[in-house]
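K.L.:
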């Protein structure tokens with residue numbers, strides 16, 4: 293591969309990204325990451341984040357668990373941009389109450405956001421374009437292993453049973469659509485981050501306990517996902533599909 297071809301592959305100036313969960317911690321980082329590459333970014337979320345000022349960022353208020361809303365917004369984007377190059381399913385909900393107090397509303401909201409929302413977006417894409425796209429689903433280390441309850445205090449935001457179950461489902465959904473969409477030149481892959489540092493929502497004791505379980509001795513940062521995002525969204529992955537890349541500093545191997 294010559295340098296000119298590689299340069300063209302990594303040129304995102306004419307690409308359009310659709311990102312769900314654009315107002316969350318990871319969503320904000322992912323939006324800015326692709327905006328800096330030259331992408332047009334359509335951020336889908338229930339709540340608007342006011343920190344975006346790029347002329348190439350377009351916010352759309354959408355409940356992705358609503359199939360009609362999701363379908364209509366993708367039709368709009370496709371009509372305006374002519375094509376959708378990258379889809380990142382990043383929207384997620386995690387109820388932090390104890391599982392013994394789990395109510396139906398929390399179960400439904402988690403399943404609707406994390407699982408049904410992902411399926412709705414891929415389904416809507418399939419109906420309007422079907423081919424030539426890179427789809428990245430955001431999973432979690434808790435989709436492949438159980439939390440270590442010893443690192444959580446009574447007031448910590450513990451990873452819930454339904455959140456972990458939904459993220460395990462995301463990994464399987466990735467494999468399903470990777471096979472189904474393979475003949476349409478669509479790759480579908482998953483990134484499963486470890487715990488991402490958030491000093492607003494995490495106290496120092498939890499951060500220390502979690503970090504001590506990680507061989508690299510720290511929690512993750514959004515920028516730790518950068519190369520995986522770049523890899524899975526580029527034409528360099530035309531022969532890579534159905535994979536779940538765990539980025540956790542070694543958390544899951546101990």
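Numbering (the numbering used here), first residue to last: 293 to 546. Glycine included, every Cβ here is placed at the ideal spot set by N, Cα and C. Predicted model only: the values in this text are computed from it and were never measured.
(1) Give me, in chain order, the residues of the same chain whose beta-carbon lies closer than 8 Å to that of residue 375; leave out the 5 immediate sequence neighbours on both sides.
(2) So, residue 378 versus residue 525, is the Cβ gap smaller than 7 Å?
(3) What did DSSP end up calling residue 485 once you bin it into helix, strand or coil?
(4) If you draw a straight line from the C-alpha of residue 369 to the C-alpha of residue 334, how long is it?
(5) According to the neighbour-count rule (16 or more other Cβ atoms, all chains shown, within 10 Å of its Cβ), is residue 498 buried or exposed?
(6) Give me the DSSP bridge partner(s) of residue 506.
(7) Under a three-way DSSP split, which group does residue 450 fall into?
(8) Just reading off the beta strand (DSSP E) that residue 350 is part of, what are its end residues?
(9) So is residue 387 buried or exposed if we call it buried at 16+ other beta carbons inside 10 Å?
(10) Hey, would you say residue 435 sits closer than 7 Å to residue 463, going by beta carbons?
(11) Does the beta-carbon of residue 354 have 16 or more other beta-carbons within 10 angstroms, so that it is buried, or is it exposed?
(12) Pick helix, strand or coil for residue 422, following the three-state DSSP scheme.
(13) Apart from the five residues on each side of it in sequence, which residues of its chain come closer than 6 Å, Cβ to Cβ, to residue 331?
(14) Leaving aside the five residues before and after residue 433 along the sequence, list all residues of the same chain whose C-beta is less than 8 Å from its C-beta, in chain order.
(15) Is the beta carbon of residue 362 closer than 7 Å to that of residue 413?
(16) Taking 7 Å as the threshold (C-beta atoms), are residue 402 and residue 383 in contact?
(17) Grab the span of the alpha helix (DSSP H) containing residue 334 for me, first residue to last.
(18) Excluding five sequence neighbours on each side, which residues of the same chain lie with their C-beta closer than 7 Å to the C-beta of residue 327?
(19) Run through the DSSP bridge pairs and tell me what residue 429 is partnered with.
P.N.:
Working from what's here:
(1) For the purposes of this step, residue 375 is taken as residue 83 along the chain shown, with counting starting at 1. Excluding positions up to five away in sequence, the list reads 308, 421, 424.
(2) By 1-based counting over the chain shown, the position of residue 378 is 86. By 1-based counting over the chain shown, the position of residue 525 is 233. Yes, Cβ-Cβ distance for residue 378 and residue 525 is below 7 Å.
(3) On the chain shown, position 193 is the one that residue 485 refers to. In the structure shown, the three-state DSSP call for residue 485 is strand.
(4) Sequence index remark: in the chain shown, residue 369 carries index 77 (1-based). Sequence index remark: in the chain shown, residue 334 carries index 42 (1-based). Approximately 8 Å, taken between the alpha carbons.
(5) If you number the chain shown from 1, residue 498 lands on position 206. Burial call: buried.
(6) Position 214 of the chain shown, counting from 1, holds the residue named residue 506. Per DSSP, none; premise fails for residue 506.
(7) Locating residue 450 in the chain shown gives position 158, counting from the first residue. In the structure shown, residue 450 sits in coil (DSSP, three-state: anything other than H, G, I, E or B).
(8) Residue numbering aside, residue 350 sits at position 58 when the chain shown is read from its first letter. 349 to 353 is the extent of the beta strand (DSSP E) around residue 350.
(9) As a position in the chain shown, residue 387 is number 95, starting the count at 1. Under a 10 Å Cβ-count criterion, residue 387 is classified as buried, with 16 or more other Cβ atoms of the shown protein chains found around its own Cβ.
(10) Working through the chain shown from its first residue, we reach residue 435 at position 143. Working through the chain shown from its first residue, we reach residue 463 at position 171. Contact: yes.
(11) Locating residue 354 in the chain shown gives position 62, where the first residue counts as 1. Result: buried.
(12) Translated into positions along the chain shown, residue 422 becomes position 130. Three-state DSSP puts residue 422 in coil, outside helix and strand.
(13) Here residue 331 corresponds to residue number 39 of the chain shown, with the count starting at 1. Hits under 6 Å: 304, 307, 309.
(14) The sequence position of residue 433 within the chain shown is 141, counting from 1. Excluding sequence neighbours, residue 433 sits near 484, 485, 486, 487, 538, 540, 543, 544.
(15) In the chain shown, the residue the question calls residue 413 occupies position 121. In the chain shown, the residue the question calls residue 362 occupies position 70. Yes. Within cutoff.
(16) Here the question's residue 383 lines up with position 91 in the chain shown. Here the question's residue 402 lines up with position 110 in the chain shown. In this structure, residue 402 does not lie closer than 7 Å to residue 383 by Cβ.
(17) Working through the chain shown from its first residue, we reach residue 334 at position 42. That residue, residue 334, is in no alpha helix (DSSP H); its beta strand (DSSP E) goes 332 to 337.
(18) Within the chain shown, the letter at position 35 stands for residue 327. Closer than 7 Å at the Cβ level, and outside the excluded window around residue 327, lie 333, 346, 348, 349.
(19) Indexing the chain shown from 1 puts residue 429 at position 137. Bridge partners of residue 429: 381, 482.
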